[in-house]
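Q: 6 is the number of the first residue of the sequence shown in my numbering; add one for each residue after it. For glycine and all other residues, C-beta sits at the position ideal for the given N, C-alpha and C. As the structure is a computational prediction, the values presented were derived from the model and not from experiment.
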Amino acid sequence: MIILIAGLGQMGTIYINALKKLGVEENSIIGYDIDAKKASVAYEKFPRLQRISSLVHDNGLDHYAQACEDLISSAHAAIVAVNTPSHHKVIIDLMDFGIKHFLCEKPIGISMEAVDEIGAAVKKTCAKVFTAFLMNFSPAILYVIDKMKSEMLIMTEGSVVWGKNRKGDKRPTPGDLEDESVHGAGILHRLAGINQQVKGLNVSASLTYPDFADPAAQAKAHELDSSFPKRVNATSMIIEKIFTDVCMIPCVLHSSFIYPRQIRKVSVVLAKRENPNNPAYSVEMDFDVRTGIGGVEDQITFTALDGNKPEFLLFPCDKILDQTRAFLQAIEVKIDPRLTDFDEARRAVAFSDAVMESHHLAGVVVNI
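1. Let me check one thing: in DSSP terms, what residues is Pro321 bridge-paired to?
2. Write down the C-beta distance between Asn88 and Ala226 rounded to the nearest angstrom, noting that I regard them as a contact closer than 8 Å.
3. For Pro255, name the three-state secondary structure that DSSP assigns.
4. Should the region 116-131 be called in touch with the region 155-170, which here means at least 3 C-beta pairs below 8 Å?
5. Check whether the region 293-310 touches the region 182-190, counting contact only when three or more Cβ pairs, one atom from each stretch, lie closer than 8 Å.
6. Please name the residue or residues paired with Cys109 in a DSSP beta bridge.
7. Does the structure place the region 130-140 close enough to the region 331-349 that three or more beta carbon pairs sit under 8 Å?
8. Leaving out five residues before and five after Ala350 in sequence, what residues of the same chain have Cβ atoms less than 6 Å from its Cβ?
9. To the nearest angstrom, how far is the alpha carbon of Leu212 from that of Pro255?
10. Considering Asp151, what are the terminal residues of the beta strand (DSSP E) in which it resides?
11. Under the three-state reduction of DSSP, which class applies to Met16: helix, strand or coil?
12. With a cut-off of 8 Å on the beta carbons, I'd call Met117 and Ala353 a contact; round off their distance for me.
13. With H, G and I counted as helix, E and B as strand and the rest as coil, what does DSSP make of Ala276?
14. Could you check whether the region 240-252 touches the region 92-110, counting it as contact only if at least three pairs of C-beta atoms, one from each stretch, sit closer than 8 Å?
15. Exposed or buried, Val288, counting other C-beta atoms within 10 Å across all chains shown (16 or more means buried)?
16. Are Tyr48 and Ala11 closer than 8 Å when you measure CB to CB?
17. Is it true that the CB of Ala145 sits closer than 8 Å to the CB of Phe332?
18. By the 10 Å Cβ neighbour count, where 16 or more other Cβ atoms means buried, how is Ile34 classified, buried or exposed?
19. Please report the Cβ distance between Gly181 and Ser260, rounded to the nearest whole angstrom; I am assuming they are in contact, meaning their Cβ atoms lie under 8 Å.
20. Going along the chain, which unbroken runs of the beta strand (DSSP E) with 3 or more residues stay wholly within the region 343-373?
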């Protein structure tokens, strides 16, 4: 099986390592990046990687892909880890070379217009496009979902605090809204659909734009891809209402790139479906908590509100590895339900677009 990696920065390197752990030979991986420096570093680190060496400085593959058409066409699947504004262009270009299976870093596109371009190409080529919403592979979330299903519980309120200090980071970013806030929102949306039917939702939001991103990195990304923004949002503050066939679920989300430490916390209240006004459990989920021995684990504090009885649970995990394994299996038509399909990824972009619209309208409620 030959896998093409589009984008050889941090995430591209992580995926190469994951593929190798899963038994994919290094010389069965094709790697390219329009940033010559990133490509050079990756080729030095992975000397047996198959290379696309003729580089151009534009928004697509066309100029150098034609010289490497046979190599690209030999790929069974592609993992897209380029900068977010380029996702749709790279995916569509690779579809033209006959690639049918894609795993794309989130979000799938920078706007609904970009996503719908991918959608049109999917209909034309019958390709399968999955998006890397990594938290779907958290064993902590699966535990909560199993608990909800076994006791016929529904989510009745939710909150998210998600952040890290990205000031001083030399990597470019499209902003917190696209890079980070989608994680917490995705978890809330997934849990909201357990044992109840989501009818709609709305958001009221405000974003901040302080100087925190590395200007040279942003300018370089913009030079390579003119659609990449030079000035980006640092913090997303969102009030959301999710309407279901049972109740209205109020949610508050705060996500930031200027937080003093890494925090990835989602809290929800659960109640029996037949009695949504009687809260039964308070659940706190902490993700990617570093252990003292170099590992990472997800954690849950699951509290029965009657009697205030907490249960603390630990879940060692490697979500990247599990997600990559699921993608390889999907190439063989065994679809893991934890993989985010195109329609679900499209809804996530619709959420981000609504947040941005609300921000530009000074917090006016926007329906989705």
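A: Short version:
1. Your numbering for residue 321 matches position 316 in the sequence shown. For Pro321, which the question treats as bridged, DSSP gives the partners Glu302.
2. Position 83 of the sequence shown, counting from 1, holds the residue named residue 88. Position 221 of the sequence shown, counting from 1, holds the residue named residue 226. Asn88 to Ala226, Cβ: 6 Å. Contact.
3. As a working mapping, residue 255 is identified with position 250 in the sequence shown. DSSP places Pro255 in strand when its eight states are reduced to three.
4. no
5. no
6. Start at 1 with the first residue of the sequence shown, and residue 109 comes out as number 104. Val85 and Thr136, per the DSSP bridge assignment.
7. The region 331-349 vs the region 130-140: in contact.
8. Residue mapping note: residue 350 aligns to position 345 of the sequence shown, counting from 1. Only Ile113 and Thr136 meet the Cβ criterion.
9. Counting from one through the sequence shown, the residue named residue 212 turns up at place 207. Counting from one through the sequence shown, the residue named residue 255 turns up at place 250. Taking the straight line from one Cα to the other gives about 19 Å.
10. As a working note, residue 151 is residue 146 in the sequence shown. Element bounds for Asp151: not the beta strand (DSSP E) but the alpha helix (DSSP H), Pro144 to Glu156.
11. Taking the first residue of the sequence shown as position 1, residue 16 is located at position 11. Note: Met16 maps to helix in three-state DSSP.
12. Residue mapping note: residue 117 aligns to position 112 of the sequence shown, counting from 1. Residue mapping note: residue 353 aligns to position 348 of the sequence shown, counting from 1. No, Met117 and Ala353 are not in contact; Cβ-Cβ is about 11 Å, not under 8 Å.
13. What you label residue 276 is simply residue 271 of the sequence shown in a count that begins at 1. Of the three classes helix, strand and coil, the one that applies to Ala276 here is strand, per DSSP.
14. no
15. Residue 288 sits at position 283 when you count from the first residue of the sequence shown. Val288 is buried by the Cβ-count criterion.
16. Against the sequence shown, residue 48 aligns to sequence position 43. Against the sequence shown, residue 11 aligns to sequence position 6. Taking 8 Å as the Cβ cut-off, Tyr48 and Ala11 do not qualify as a contacting pair.
17. Working through the sequence shown from its first residue, we reach residue 332 at position 327. Working through the sequence shown from its first residue, we reach residue 145 at position 140. Cβ atoms of Phe332 and Ala145: not closer than 8 Å.
18. Position 29 of the sequence shown, counting from 1, holds the residue named residue 34. Per the 10 Å Cβ criterion, buried.
19. Here residue 181 is taken as the residue at index 176 of the sequence shown, counted from 1. Here residue 260 is taken as the residue at index 255 of the sequence shown, counted from 1. Note on identity: in this sequence residue 181 is Asp, with Gly being the wrong assignment. Between Ser260 and Asp181 the Cβ distance is about 5 Å, and since that is below 8 Å, they are a contact.
20. none
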